[in-house]
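Asks:
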């Protein structure tokens, strides 16, 4: 099976812009989760989608949003970018048990905000 | 905000030695405890997901134990090899809307 894919792999934006990141899960997986990794905070949970519905949400401002399509592909959007949003954004997919199932991670999108 | 602590933060181990490190998590509302290995320039790789108190899991030279009543899990590596060098992350799920809470990891370096 193909693994989790994320596009783009690298992105440079300026403050105030918005960005959309994409994640394609492993075939058959219906749960997609998003994470932010920064040197200071480590890996932090953003949200989880299952069958097009947001099922869990981490402690991030409303500028961070996501959605999931009927084919389980997911997008994450960050509006009004701030310097502190510079991070590695990882998505992970899993089976029907969601966050109690093994998470299979993609390679990540490295976002730099200037 | 849930508190998941890992210790030590970093560890240097001689090749061939065995080692272990700890993950502490809230002992209430336990749902699952995950362990991942994250090598530089790669994606985190799942090692174990444990859900029951007393669970012991093994994958080759790596094993893990779980104590949900006291809120800790140990990861053991037997006969360390250079390819074991990585950051080992644990993640706690309380089943609520907080999703997965990760510790900051133990950075393991195996010295030949």
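Chains as they are written, first to last, in the working numbering: chain A, 227 to 340; chain B, 8 to 119.
Even glycine gets a Cβ: it sits at the ideal position worked out from N, Cα and C.
Note that this is a predicted model, so its numbers are computed, not measured.
Check whether chain A comes within 9 angstroms of residue 51 of chain B, counting only Cβ atoms and requiring the distance to be less than that.
Replies: yes
Asks: Short of 8 angstroms Cβ to Cβ, which residues in the region 323-337 of chain A face chain B?
Replies: Within the region 323-337 of chain A, 325, 326, 327, 328, 329, 330, 331, 332, 333, 334 place their CB atoms closer than 8 angstroms to a CB of chain B, listed in sequence order.
Asks: Which bits of chain A does residue 38 of chain B rub up against, with CB to CB less than 7 angstroms?
Replies: 326
Asks: Cβ of residue 174 of chain A less than 9 angstroms from any chain B Cβ?
Replies: For residue 174 of chain A there is no data in the structure shown, the boundaries of chain A being 227 and 340.
Asks: Is the CB of residue 261 of chain A under 9 angstroms away from at least one CB in chain B?
Replies: Yes, because at least one Cβ of chain B sits closer than 9 angstroms to the Cβ of residue 261 of chain A.
Asks: Along the chain, which unbroken stretches of the alpha helix (DSSP H) at least 4 residues long are found entirely within the region 37-74 of chain B?
Replies: none
Asks: With H, G and I counted as helix, E and B as strand and the rest as coil, what does DSSP make of residue 324 of chain A?
Replies: helix
Asks: How would you call residue 284 of chain A, buried or exposed, if buried means at least 16 neighbouring beta carbons within 10 angstroms?
Replies: buried
Asks: Can you name the residues that DSSP bridges to residue 27 of chain B?
Replies: B:83
Asks: Is residue 90 of chain B helix, strand or coil by DSSP?
Replies: helix
Asks: According to the Cβ coordinates, are residue 61 of chain B and residue 32 of chain B closer than 9 angstroms?
Replies: The answer is no: Cβ separation not under 9 angstroms.
Asks: Classify residue 268 of chain A as helix, strand or coil using the three-state DSSP reduction.
Replies: strand
Asks: State yes or no: is the beta carbon of residue 78 of chain B nearer than 9 angstroms to at least one beta carbon in chain A?
Replies: no
Asks: Applying the 10 Å Cβ sphere with the 16-neighbour rule, what's the burial state of residue 306 of chain A?
Replies: exposed
Asks: Is the CB-CB distance between residue 102 of chain B and residue 10 of chain B below 9 angstroms?
Replies: Not in contact: residue 102 of chain B and residue 10 of chain B (Cβ atoms no closer than 9 angstroms).
Asks: So with CB distances below 8 angstroms, who are the chain A contacts of residue 100 of chain B?
Replies: 325, 326
Asks: Please state whether the Cβ-Cβ distance between residue 335 of chain A and residue 264 of chain A is less than 9 angstroms.
Replies: For residue 335 of chain A and residue 264 of chain A, no; Cβs fall outside 9 angstroms.
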